[in-house]
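Visitor: Structure incoming, see below.
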Amino acid sequence: MALEGALEADVCVVGGGYTGLWTALALKEREPSLHVALLEAETCGAGPSGRNGGFLHGYWASLGSVLPYLGRERALELARAGEQIVPAVRALADSRGEDVWLREAGMVMVSASPGQDAAVDQAVAAAEEIGAAEQAVPLDAAGVAEHVRSPVFRRGVYFPDGATVQPARLVAALRRAVVAAGAELFEHTPAVRIRDGRVTTPRGEVRAPEIVVAINAAAAAWRAVARHVTNFGSYVVLTEPVPELLEEIGWTGGEAVLDARMFLHYFRTTADGRVLMGSGSGPIGFRGRIDGRFSRDLPTGARAEHGLRRLLPGLAGARIERSWGGPIDVSSDHLPFFGTVPGQRVHYGLGYSGHGVGPTWLGGQILASLVLRLDDEWTALPLATRRVPSLPPEPLKRLGGGLVRTAIMACEEADEEGRRPSLPARAGAALPRLFRMEIGTR
Ligand SMILES: Cc1cc2nc3c(=O)[nH]c(=O)nc-3n(C[C@H](O)[C@H](O)[C@H](O)COP(=O)(O)OP(=O)(O)OC[C@H]3O[C@@H](n4cnc5c(N)ncnc54)[C@H](O)[C@@H]3O)c2cc1C
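If you read the sequence shown in the working numbering, its first letter stands for residue 72, the second for the next number, and so on.
Here it is as C-alpha cells:
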C-alpha cells in the first residue's frame with residue numbers, strides 16, 4: 072500500500088531492504104508500543120537485498136584487513152558481534168516457520184593465483200593473533216579439495232562462521248515479520264525529501280521525531296554521507312542445475328566460496344544443484360546515480376562467467392541460465408558506518424561494501440539503539456564510533472576510483488595469467504595507500 076496523506080509516527084524508516092527491515096523489527100521488539108512507519112520506494116527487496124549472492128557471515132573473513140586498521144580489541148569486538156548474525160537469521164526463520172534456505176556450511180576463501188596467497192595467510196595469521204585460531208582454519212591444496220576440487224586452488228582458509236541463504240526469501244520473511252510485529256509498511260512510496268522530523272513523499276508526508284535513512288547505494292548522492300561512500304557494481308551468473316558435476320568436483324557440502332582478489336569472485340551452490348558465480352568488478356558510479364550501468368552490465372557478467380570457467384573448469388559444460396546485478400555501496404574503508412546527522416534526529420547506516428547480507432542485522436541493532444538514544448553494546452561497536460575517512464569530491468571520486476579500479480583489475484589479471492603487471496598498473500593500484508586508505512587495497 073502506498074502512503075496517501077499525512078501520518079504521525081514515532082519513527083519513520085526509509086528503505087525496505089535488510090537494513091530498514093531489521094531496524095523496524097528491532098524497534099518493535101524492544102519497544103512494542105512504538106509507532107514505526109516504513110517507507111519503501113518500490114517493493115521490499117527491490118534493491119540488492121532481494122538479488123544478492125546470499126553469502127551470510129560476519130567479520131572473521133575480513134579480520135586480515137580489519138585488524139591492522141582497527142586494532143586488536145576493536146577488531147575482536149566486531150568479529151564477536153558478527154558471530155550473532157547467523158543465529159539471528161536462524162532464529163527469525165525458526166520462530167516464524169520461514170524457509171530462507173539457510174545452509175550453515177561455512178565459508179572457504181581460496182587462493183587462485185600466487186598474488187592471492189598473502190591474503191589467505193593474513194586471514195589465518197590475524198585469527199591466530201587475536202586468539203581465535205579456530206575461526207580461520209588454514210587449508211593446504213589437499214584441504215581445499217576436501218571442500219571443492221579445482222586445479223587452480225593453491226591453498227585456502229575455512230571460516231566456520233559462514234552460511235548461505237536465498238536472499239529474496241530472507242527479505243520476504245523479514246517483511247512478514249515486520250508487518251506481524253505491528254510496523255506500518257508503505258511500498259511504492261519514495262521519500263522525496265527528508266528533513267528533521269519530516270519525510271515528504273509524492274502523495275503525503277510522515278511526521279516523526281526519529282528518522283532512519285536505510286537506502287543503501289541511493290544515499291551516495293546524499294550530502295550527509297557522500298564523502299564517505301561511492302557505488303560499484305556487482306554481477307552474478309547462475310547455471311542450470313548440475314548436481315552430477317558438483318559430485319564430480321566434490322562440492323556437495325554447501326560451502327560458500329570466494330577467492331582472494333580485491334574485485335573478488337564469490338561462488339556458491341543452491342539447493343537444486345546450481346552454481347551462482349559473482350564478480351565484484353562492476354563499474355564505479357557517479358554522484359550516486361543508480362541506473363542501467365549496474366542492472367544491465369554485460370562486461371561484469373562476462374567477467375563472472377570467465378571466473379566460473381577458470382576457477383571451476385569441471386563446470387565447463389554448465390549452461391548459464393540467468394544473470395543479474397546491482398550497485399554496492401563501498402565506503403572509504405570498506406566497513407559500514409552508522410551515525411546521526413549532527414543537530415538532527417536523522418540516523419543513517421550504509422557502506423557495506425558488498426558484504427551486507429549479514430552485517431545489516433548488526434546495522435538494525437545499531438540503528439534501533441541510536442533511535443532509542445541508548446549507549447549500549449551496539450552503539451559502542453566500531454561501525455558506529457570510528458572516524459570514517461573521506462573520499463575526494465566528485466568528479467575526482469569517480470575519476471580517481473575508476474583509475475584505481477582499472478589498475479587493480481589489470482594487476483589481478485596479470486597475476487592470474489602469470490605475468491608481471493605493467494608499471495602504470497602497479498602505480499595506479501598503489502594510489503590508495505598514498506592517501507592512507509589502507510583497507511581493501513592491494
Ligand atoms: C549482485 C550483488 C550480490 C551481492 N552479494 C552479496 C552476498 O553474497 N553477501 C553479502 O553480504 N552482500 C552481498 N551484496 C550486498 C548486499 O546485497 C547489500 O549490502 C545489502 O542488501 C544492503 O541492504 P540495504 O537494506 O542496506 O540496502 P538495499 O537492499 O539497497 O535496500 C535499500 C532500499 O531502499 C529503497 N530506497 C532507495 N531510495 C529510496 C527512497 N528515496 N525512498 C524510499 N525507499 C528508497 C530501495 O528501493 C531499496 O529497496 C550483493 C550485492 C549485489 C548487488
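Glycine is no exception: its CB is placed at the ideal position from the N, C-alpha and C atoms.
Note that the structure is a prediction, hence the values are computed from the model and not measured.
Suppose you measure from the CA of A239 to the CA of T310; what does that come to, to the nearest Å?
Guide: 18 Å
Visitor: Given the structure, does L438 come close to ligand 1, in the sense that its CB is under 7 Å from one of the ligand's heavy atoms?
Guide: no
Visitor: Of the residues E487, G489, T477 and E488, which one's Cα is nearest the Cα of R497?
Guide: The shortest Cα separation from R497 among E487, G489, T477 and E488 belongs to T477.
Visitor: Which one of V223, A500 and A196 has the shortest CA to CA distance from M333?
Guide: Ranked by Cα distance from M333, the first of V223, A500 and A196 is A500.
Visitor: Taking all protein chains shown into account, do 16 or more other C-beta atoms lie within 10 angstroms of the C-beta of G253, making it buried, or fewer, making it exposed?
Guide: exposed
Visitor: Would you tell me roughly how many angstroms separate the C-alpha atoms of D446 and S366, rounded to the nearest one?
Guide: 39 Å
Visitor: Could you please give me the residues that DSSP links to Y89 through a beta bridge?
Guide: Its beta-bridge partners do not exist; DSSP assigns none.
Visitor: Taking the alpha helix (DSSP H) that M480 falls in, what are its first and last residues?
Guide: L467 to E487
Visitor: Using CA coordinates, which residue listed in V191, V412 and M180 is at the minimum distance from R339?
Guide: M180
Visitor: Is it right to say G202 is buried, meaning 16 or more other beta carbons lie within 10 angstroms of its own, or is it exposed?
Guide: exposed
Visitor: Tell me which residues share the same chain as K99 and place their Cβ nearer than 8 Å to its Cβ, disregarding the 5 neighbours each side in the sequence.
Guide: Result list for K99: L105, V107, V249, A252, G253 and A254, in chain order.
Visitor: Rounded to the nearest angstrom, what separates G177 and E465 at their Cα positions?
Guide: 39 Å
Visitor: Taking 8 Å as the threshold (beta carbon to beta carbon), is V223 in contact with chain C?
Guide: Of the chains in the structure shown, none is chain C; there is only one protein chain.
Visitor: Using DSSP bridges, identify the partner residues of R226.
Guide: S182
Visitor: When you compare only the Cα positions, how much space is there between L245 and R490?
Guide: 47 Å
Visitor: To the nearest angstrom, report how far apart T542 and A387 are at their CA atoms.
Guide: This structure cannot speak to residue 542, because the chain is shown only from 72 to 513.
Visitor: Under DSSP, the alpha helix (DSSP H) around A117 begins and ends at which residues?
Guide: No alpha helix (DSSP H) holds A117; DSSP gives it neither H nor E.
Visitor: Within the chosen definition, does the stretch 389-406 reach the stretch 290-301 through at least 3 CB pairs nearer than 8 Å?
Guide: yes
Visitor: If I measure Cβ to Cβ from Q436 and keep anything under 7 Å in the same chain, skipping five residues before and after, which residues do I get?
Guide: A97 and W449
Visitor: Starting from S305, follow the beta strand (DSSP E) in both directions and report where the run begins and ends.
Guide: V300 to T310
Visitor: Among L382, R220 and A342, which residue has its Cα nearest to the Cα of S350?
Guide: L382
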